[in-house]
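Notes follow once the structure below has been shown.
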Amino acid sequence: MYSRNEKDKHEKIENIANALLTASLLILACLILYFIFYWQVLDYIVNGAGALCLLGLLIGTISNIMEI
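Residue numbers for the sequence shown, in the numbering used here: 1027 to 1094.
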């Protein structure tokens, strides 16, 4: 069984991963707006979307790796 401290670490990592994935969904909405209106400001946001999504997925897998 996990101790309380280990559960807290898992919850923190999952919260960070969920926040990053939520942010990547917002960036996806910006990507759709970029393709519709071709706003140049959204170009910078779209460029960081892939990295943010991958970072969220990597942080999300840390808790699964820690369970092994």
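Yeah, the Cβ is synthetic: ideal placement off N, Cα and C, and Gly gets one too.
Outcome for residue i when other beta-carbon atoms lying within 10 angstroms are tallied against a minimum of 16
{"i": "S1029", "result": "exposed"}
{"i": "L1068", "result": "buried"}
{"i": "A1043", "result": "buried"}
Coil, strand or helix - residue i by DSSP
{"i": "S1029", "result": "coil"}
Nearest residue (CA-CA) to residue i, options the options
{"i": "I1085", "options": "L1047, K1033, N1031", "result": "L1047"}
{"i": "L1081", "options": "W1065, I1071, A1049, N1031", "result": "A1049"}
{"i": "L1078", "options": "I1088, L1068, I1053", "result": "I1053"}
{"i": "A1055", "options": "I1071, E1037, I1091", "result": "I1071"}
Ranges of the beta strand (DSSP E) found wholly within the region 1041–1081, counting only runs of at least 3: Listed in chain order, there is nothing to give.
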